[in-house]
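Residue numbers (the working numbering), protein chains in the order written: chain C, 1 to 169; chain E, 1001 to 1169; chain V, 2001 to 2169; chain X, 3001 to 3169.
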């Protein structure tokens, strides 16, 4: 949170790779007795992702789990690059970047748990939400002031857009 | 939160325009696997809105999204002026005010995200909940101590009624 | 929270009257798109209410609203005195006390909103959860360190049982 | 939280006995109007339990209540030793330990309420989540910085694995 922000690296970001549980959601698994699962997303994160897309930043969601609620939220926001049930996130993102002619330095990643570390270390810039596993927070370039599902993605998007000189308002 | 409260401007307020997600709710999008969406409102906000109506303050809800849970909550509280799926909030509120013979100075607005800024700047007084986007909090006349869906509307209603010299209890 | 605890008055308590929304629950109204409403209770509150009953303290729930989830939770805990949809709480509690041969001094009340003030002022002792309306917190004999639905009732029960010299463990 | 950690005792732990409500969940009872109950678990707790199993630590869930959501979450995580509706937790764990040829010193327990105290006192090491009943927190060897359902189990697993010299990464 208090770490200096490396605007030079942020300026190069063309793709934002987001873990889902604990980054786009609050990291809870909410199960009802009938086997259904619900997810908690943030409205502010959603409007931030629309700003990012409008500014030309590609958005990718990569989750180790699979949930129809995630697909529903992605559809509502117009996010088409959604990869669920991914065990090896680095390989998936490597192919995505190659397909778009982008380098790892042009990608930023946000993750909260140990299985996100490999992707975060390869990306040009990385962030962790406030409730991330301590080892992930320690490895990230930035720790947001808000938790996953509570504004963490909004904070990251604002940093990327501000590094490009975009005014908010 | 620590900003001085301008009671002279608050005294003139006859209409309170509320954003829904992040103001009347906690700003979360809760999706289940079957496509349903639930919303989290505050009981204290509800009783405060009844006090405001009883004191002659008109209540208007304006949301950029659309959800049946919002309509259900408005019906329970007797709020009839509910506008959902509104892209351009300023135009909608302009017509509402004209229809009631009220000026923008007689309206107060509460919003939490960048798309609320235009309405908030035109109103006679504005507030943001504690979890608002920093640019919205900076532009607001007042930042509540509680978040949306957790008492923010209750705080605003109490300020308006107190400026009119209404005792609580 | 930091107020001195009047153990002499607490020792006389034979009946605990609890508001529901914001006291036994977290004060949220959770609505889904199909018209259903869910409530958030605390497990620790539940086990505390069983301890109170076992120690001979009568438990009464009085709510201004009506929800089947409240009836379901009361049934699970074995609480039979549940009054929902009550507009005038003082009158209801007056009859309950008379029927049991108890005085108002032998009753404690927990409430979080302005419509709880009348009952709280008549009871021998009163408490407000941490997120109560400021005017209710100011009027209460005690403000819990936890919010409604998050342990506030557990705190109150422990105070009553401790005043009687009951050890926990 | 600030108590010194006894790594010698932690090194011996071969079995981790977890209370469910308030330890694996956030301690809330969430009821809908149709009689359904949902539970809130943590994704980080889930991945930690997989790490513990992979390292040879046996995982046991013991709950005084019964909920199909608990069975569903256990199944997703591959936890097979799940005991629900248990009134006398000590006796159940005693049989489990005997069946595996383990002593109480080789077991750790995490609990949040008074009915967990007996098991916690018999185990070689015990922890309480941040929102535990004060008497339980006082009796525990360790109080986590996070609440139940919000990372408490993750913290405990990391302590056990670190005492064995396992690096996270």
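The beta-carbon is built from N, C-alpha and C at its ideal position, and this holds for glycine as well.
Problem set entry | Rounded separation between residue 19 of chain C and residue 1010 of chain E - CA only | As a working mapping, residue 19 of chain C is identified with position 19 in the first chain. As a working mapping, residue 1010 of chain E is identified with position 10 in the second chain. Straight-line Cα distance between these residues: approximately 44 Å.
Exercise. Just curious, the alpha helix (DSSP H) that residue 2058 of chain V is in, first and last residue?
Worked result: In the third chain, counting from the first residue as 1, residue 2058 of chain V sits at position 58. Element bounds for residue 2058 of chain V: not the alpha helix (DSSP H) but the beta strand (DSSP E), 2058-2062.
Exercise. What separation, rounded to the nearest whole angstrom, lies between the Cα atoms of residue 100 of chain C and residue 108 of chain C?
Worked result: Here residue 100 of chain C corresponds to residue number 100 of the first chain, with the count starting at 1. Here residue 108 of chain C corresponds to residue number 108 of the first chain, with the count starting at 1. When rounded, the distance between both Cα atoms is 15 Å.
For this session: Quick one: which residues of the stretch 1033-1050 of chain E get their C-beta closer than 8 Å to a C-beta of chain V? List them in chain order.
Result: 1036, 1037, 1038, 1039, 1040, 1041, 1042, 1043, 1044, 1046, 1047
Problem set entry | Within 9 Å of chain X by C-beta, residues of the stretch 2066-2088 of chain V in sequence order | 2067, 2068, 2069, 2070, 2072, 2073, 2076
Exercise. Given a limit of 9 Å on CB to CB distance, which residues of the stretch 139-154 of chain C reach chain E?
Worked result: 146, 149, 150, 151, 154
For this session: Check whether the stretch 1142-1152 of chain E touches the stretch 78-85 of chain C, taking contact to mean three or more Cβ pairs, one atom from each stretch, closer than 8 Å.
Result: no
Exercise. Do residue 3126 of chain X and residue 3138 of chain X have their C-beta atoms closer together than 8 Å?
Worked result: For the purposes of this step, residue 3126 of chain X is taken as the residue at position 126 of the fourth chain. For the purposes of this step, residue 3138 of chain X is taken as the residue at position 138 of the fourth chain. Result no, Cβ atoms of residue 3126 of chain X and residue 3138 of chain X do not sit closer than 8 Å.
Problem set entry | Opposing strand residues paired with residue 1141 of chain E [DSSP bridges] | Working through the second chain from its first residue, we reach residue 1141 of chain E at position 141. Note: residue 1141 of chain E sits in no beta bridge, so no partner.
Exercise. Applying a beta-carbon distance threshold of less than 7 Å, which residues of chain X neighbour residue 22 of chain C?
Worked result: As a first step, residue 22 of chain C must be located in the first chain, where it is residue number 22. 3043, 3044, listed in chain order.
Exercise. Could you give the distance in angstroms between the alpha-carbon of residue 105 of chain C and the alpha-carbon of residue 48 of chain C?
Worked result: Looking up residue 105 of chain C in the first chain gives position 105. Looking up residue 48 of chain C in the first chain gives position 48. The straight-line gap from Cα to Cα measures roughly 22 Å.
Problem set entry | Check whether residue 116 of chain C and residue 136 of chain C have beta carbons under 8 Å apart | Residue numbering aside, residue 116 of chain C sits at position 116 when the first chain is read from its first letter. Residue numbering aside, residue 136 of chain C sits at position 136 when the first chain is read from its first letter. For residue 116 of chain C and residue 136 of chain C, yes; Cβs fall inside 8 Å.
Problem set entry | Runs of alpha helix (DSSP H) wholly within the stretch 3031-3112 of chain X (minimum 4 residues, chain order) | 3043-3054, 3068-3077, 3089-3100
Exercise. For residue 1067 of chain E versus residue 2036 of chain V, is the C-beta spacing smaller than 8 Å?
Worked result: Locating residue 1067 of chain E in the second chain gives position 67, where the first residue counts as 1. Locating residue 2036 of chain V in the third chain gives position 36, where the first residue counts as 1. For residue 1067 of chain E and residue 2036 of chain V, no; Cβs fall outside 8 Å.
Exercise. What span of residues does the beta strand (DSSP E) with residue 3128 of chain X cover, start to end?
Worked result: For the purposes of this step, residue 3128 of chain X is taken as the residue at position 128 of the fourth chain. Start and end: 3125-3128.
Exercise. Any idea if residue 1042 of chain E is buried or exposed, counting beta-carbon neighbours within 10 angstroms, 16 or more meaning buried?
Worked result: Counting from 1 along the second chain, the entry for residue 1042 of chain E is found at position 42. Buried.
Exercise. Shortest alpha-carbon distance to residue 1064 of chain E belongs to which of E/1158, E/1053, E/1090?
Worked result: Here residue 1064 of chain E corresponds to residue number 64 of the second chain, with the count starting at 1. The shortest Cα separation from residue 1064 of chain E among E/1158, E/1053, E/1090 belongs to E/1090.
Exercise. Just checking my contact of residue 3102 of chain X with residue 3059 of chain X at CB under 8 Å: how many whole Å lie between their CB atoms?
Worked result: Here residue 3102 of chain X refers to the residue found at position 102 when the fourth chain is read from its first residue. Here residue 3059 of chain X refers to the residue found at position 59 when the fourth chain is read from its first residue. With 8 Å as the limit, residue 3102 of chain X and residue 3059 of chain X do not qualify as a contact, their Cβ atoms being about 13 Å apart.
Exercise. What residues in its chain sit with their C-beta under 7 Å from that of residue 3023 of chain X, if we drop five residues either side in the sequence?
Worked result: To locate residue 3023 of chain X, count along the fourth chain from 1; it is residue 23. Cβ within range, chain order: 3110, 3111, 3112, 3129, 3148, 3152, 3153.
Problem set entry | chain E contacts from the stretch 2103-2135 of chain V (Cβ-Cβ distance under 9 Å) | 2112, 2113, 2114, 2115, 2117, 2131, 2132, 2133, 2134, 2135
Problem set entry | C-alpha gap between residue 96 of chain C and residue 56 of chain C, whole angstroms | On the first chain, position 96 is the one that residue 96 of chain C refers to. On the first chain, position 56 is the one that residue 56 of chain C refers to. Roughly 16 Å separates the two Cα atoms.
Exercise. Which residues in chain C sit within 9 Å of residue 1030 of chain E, going by Cβ to Cβ distance?
Worked result: By 1-based counting over the second chain, the position of residue 1030 of chain E is 30. Under the 9 Å cutoff, chain C gives 30, 38, 39, 40, 41, 69.
Exercise. Which of helix, strand or coil does DSSP assign to residue 19 of chain C?
Worked result: Position 19 of the first chain, counted from the start, is the residue given in the question as residue 19 of chain C. The answer is strand: DSSP assigns residue 19 of chain C an E or B state.
Exercise. Name the DSSP beta bridge partners of residue 2029 of chain V, please?
Worked result: Residue mapping note: residue 2029 of chain V aligns to position 29 of the third chain, counting from 1. Its beta-bridge partners are E/1041.
Problem set entry | 9 Å Cβ cut-off: residues of chain V touching residue 3027 of chain X | One-based indexing of the fourth chain puts residue 3027 of chain X at position 27. Under the 9 Å cutoff, chain V gives 2042, 2043, 2044, 2150, 2151.
For this session: To the nearest angstrom, report how far apart residue 1077 of chain E and residue 2131 of chain V are at their CA atoms.
Result: Translated into positions along the second chain, residue 1077 of chain E becomes position 77. Translated into positions along the third chain, residue 2131 of chain V becomes position 131. Approximately 21 Å, taken between the alpha carbons.
Problem set entry | residue 1075 of chain E, buried or exposed, once every other Cβ within 10 Å from all chains shown has been counted against 16 | The sequence position of residue 1075 of chain E within the second chain is 75, counting from 1. Burial call: exposed.
Problem set entry | 7 Å CB neighbourhood of residue 28 of chain C in its chain, flanking five on each side removed | Position 28 of the first chain, counting from 1, holds the residue named residue 28 of chain C. Taken in chain order, the residues that qualify are 40.
Problem set entry | Neighbour-count burial assignment, residue 3008 of chain X, 16 or more Cβ in a 10 Å radius | For the purposes of this step, residue 3008 of chain X is taken as the residue at position 8 of the fourth chain. The residue in question, residue 3008 of chain X, is exposed, as its Cβ has fewer than 16 Cβ neighbours within 10 Å.
Exercise. Should residue 2001 of chain V be labelled buried (16 or more other beta-carbon atoms within 10 Å of its own) or exposed?
Worked result: Sequence index remark: in the third chain, residue 2001 of chain V carries index 1 (1-based). The predicted position of residue 2001 of chain V is uncertain, since its pLDDT is 49 and thus under 50; a value taken from the coordinates is nonetheless stated next. Answer is exposed; the Cβ neighbour count stays below 16.
Exercise. Between the C-alpha atoms of residue 1120 of chain E and residue 1145 of chain E, what's the straight-line distance to the nearest angstrom?
Worked result: Numbered from its first residue, the second chain carries residue 1120 of chain E at position 120. Numbered from its first residue, the second chain carries residue 1145 of chain E at position 145. For residue 1120 of chain E and residue 1145 of chain E, the distance between alpha carbons rounds to 18 Å.
Exercise. Using the rule of at least 16 other Cβ atoms within 10 Å of the residue's Cβ for burial, across every protein chain shown, is residue 2098 of chain V buried or exposed?
Worked result: Here residue 2098 of chain V refers to the residue found at position 98 of the third chain. Classification of residue 2098 of chain V: exposed, given that the 10 Å Cβ count is below 16.
For this session: Check whether the Cβ atoms of residue 2054 of chain V and residue 2160 of chain V lie closer than 8 Å to each other.
Result: Position 54 of the third chain, counted from the start, is the residue given in the question as residue 2054 of chain V. Position 160 of the third chain, counted from the start, is the residue given in the question as residue 2160 of chain V. Cβ atoms of residue 2054 of chain V and residue 2160 of chain V: not closer than 8 Å.
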